[in-house]
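The next block holds one structure in the form of structure tokens; read it before the comments.
There are 2 protein chains.
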Amino acid sequence: MKNFQEKISEVVIRRLTDYLRCLNYVKQEGKTLIKSSNISTKCGLKSSIIRKDLARFGVYGIKGKGYDIDELIKQIGKILGLDKTKNVVLIGAGNLGTAIIKYPRIKNANFNFIAAFDNNSDKIGKMINDTQIYSIDKINKFIKKNKIEIVLLTVPVSETMKIVDSLDSKFVKGILNFTSVILPPKKNNIFIHNIDLAKELEVLSYCMKKCTL
Amino acid sequence: MKNFQEKISEVVIRRLTDYLRCLNYVKQEGKTLIKSSNISTKCGLKSSIIRKDLARFGVYGIKGKGYDIDELIKQIGKILGLDKTKNVVLIGAGNLGTAIIKYPRIKNANFNFIAAFDNNSDKIGKMINDTQIYSIDKINKFIKKNKIEIVLLTVPVSETMKIVDSLDSKFVKGILNFTSVILPPKKNNIFIHNIDLAKELEVLSYCMKKCTL
DNA sequence: TTGTGAAAGTTATAACTTTCACAAGCGAAT
DNA sequence: ATTCGCTTGTGAAAGTTATAACTTTCACAA
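From first to last, the protein sequence lines stand for chains A and B. Numbering-wise, the numbering used here puts 50 at position 50 of the first sequence, and it's gapless, one number per residue. Every position in the second sequence, counted from 1, becomes a number in the numbering used here once 1000 is added.
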């Protein structure tokens, strides 16, 4: 794999995650090699762009045969930084938070939910999979003690700003914001990635409309 | 608004949804006009591209002042096809499904969840907000009777294929697939939009890695 | 050893996107 | 009415991305 770090756009990164998903799927079918044309049909992309993406990172296959699946998974993982375990905490142990912790592929991404926080006393002390729920009051002490860098936010809109402002940017470096509150891409040097579930429905809405034109 | 339908790429569509989210937020602060530079800082985009996007669709502002928020919301809604109510059903009334139905901005997108389906007898008959949960056996009859075009899939991985194959493509035109199963972008003429929650974590993972280089 | 088929790797180009810089125009104030 | 400040709208240039077409190389079999 090439070592120099050229700028990679988010489109490319998103494609890499698609490849990864596809590769993990094909791997568990017992295959060891995969052709670019195979990834192509599975992901709905042209095979040429897949080969180009891979070559760009110095990930090579075997001409006439295809790519080694295990090797590919390893390399893409390395590019995305999935090779190191990242401790994260979840804030907001509602339906969405619970769903995320239980989501099948998240353990593959090497995200380790070491704690969840909520202000609902019925939930405090309970578990979601292997993750314990604590009172939200304890969050900053916990972050400091465990040097948490990543926070997943799945709280109600009304709570969001207060919590974001309270997070100690000495430790927290990234927030995955699943609330529908708009946060700036960077705040106090914390990288914020906004995810809006409604967005996907809106995109579908456009596609449906376009198709019936 | 321009009437001719040029091809619009998904990047642009996604930006439009960002504008919409921003506009709704600013609207509820009581403002009536907004500058492109304001949307710009909120969404983390250059103001020039916002103006370009809007002009492209024939949506114009007032020079020296900005854009009329209500008008902008209306126009973007029209472009995305949010102006018409779309009846949808949810399959899989687990945490993720529940979270989606309750997600704040989804009603804005004019998606109307008229029914949910699950195979867990404890859930059948219960409600999520205003949406009743039915037995999954009844799904095809329901789709036929109510001419449902959009299905939201939030079932376990093991159930996914069986359900997708069983959906009647005479009625169903779009599937929003939140399971982590890879589905092709189109199947039996049904448009499929895959959403993988793990993807967002993987993207964040890359960003975090990049920042520490 | 050599020939062949298949798929990777590469290059050139077309298509698309973003950005910049500035002209144009609106509205408020004088 | 005129000026001034402000922000939109846009054309051209720069930058980026995707695609098709082409070349190379590998593995296997004859």
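Where a beta carbon is used, it is the ideal one built from N, C-alpha and C, also for glycine. Given the structure is predicted, the values throughout are model-derived calculations rather than measurements.
Boundaries of the beta strand (DSSP E) harbouring residue 87 of chain A: 86-91, taken from the DSSP string. Pairwise C-beta distances place the stretch 1192-1209 of chain B in contact with the stretch 107-124 of chain A, as three or more of them are shorter than 8 Å.
Listed along the chain, the chain B residues whose CB falls inside 8 Å of the CB of residue 106 of chain A are 1197, 1198 and 1201. The C-alpha of residue 73 of chain A is placed about 11 Å away from the C-alpha of residue 25 of chain A. When only Cα atoms are considered, residue 1195 of chain B and residue 1156 of chain B end up about 14 Å apart. Leaving aside the five residues that flank residue 1112 of chain B on each side, the residues in its chain whose CB is nearer than 6 Å to its CB run, in chain order, 1085 and 1087. Taking every protein chain shown into account, the CB of residue 28 of chain A has fewer than 16 other CB atoms within 10 angstroms, so this residue is exposed.
Cβ proximity to chain A below 7 Å picks out 1157 from the stretch 1151-1165 of chain B.
At the C-beta level, residue 70 of chain A and residue 32 of chain A come within 9 Å of one another.
Using beta-carbon distances, residue 1174 of chain B counts as an interface residue toward chain A, with a partner under 9 Å. In the structure shown, residue 170 of chain A adopts coil according to DSSP, grouped into three states.
With contacts defined by Cβ atoms closer than 9 Å, residue 1100 of chain B and residue 1154 of chain B form a contacting pair. Residue 1191 of chain B is bridged by DSSP to B:1174 and B:1186. Listed in chain order, the non-local C-beta contacts of residue 1037 of chain B below 7 Å within the same chain comprise 1047, local neighbours out to five positions each way being set aside. A straight line joining the alpha-carbon of residue 1079 of chain B with that of residue 206 of chain A spans about 7 Å. Rounded to whole angstroms, residue 126 of chain A and residue 1097 of chain B show a C-alpha spacing of 22 Å. Residue 66 of chain A sits in a strand when the DSSP states are folded into three classes. In this structure residue 51 of chain A is buried. Its beta-carbon is surrounded by 16 or more other beta-carbon atoms within 10 angstroms. Residue 49 of chain A sits in a helix when the DSSP states are folded into three classes.
Listed by position along chain B, the residues whose Cβ is nearer than 8 Å to that of residue 191 of chain A are 1204, 1207, 1208 and 1211.
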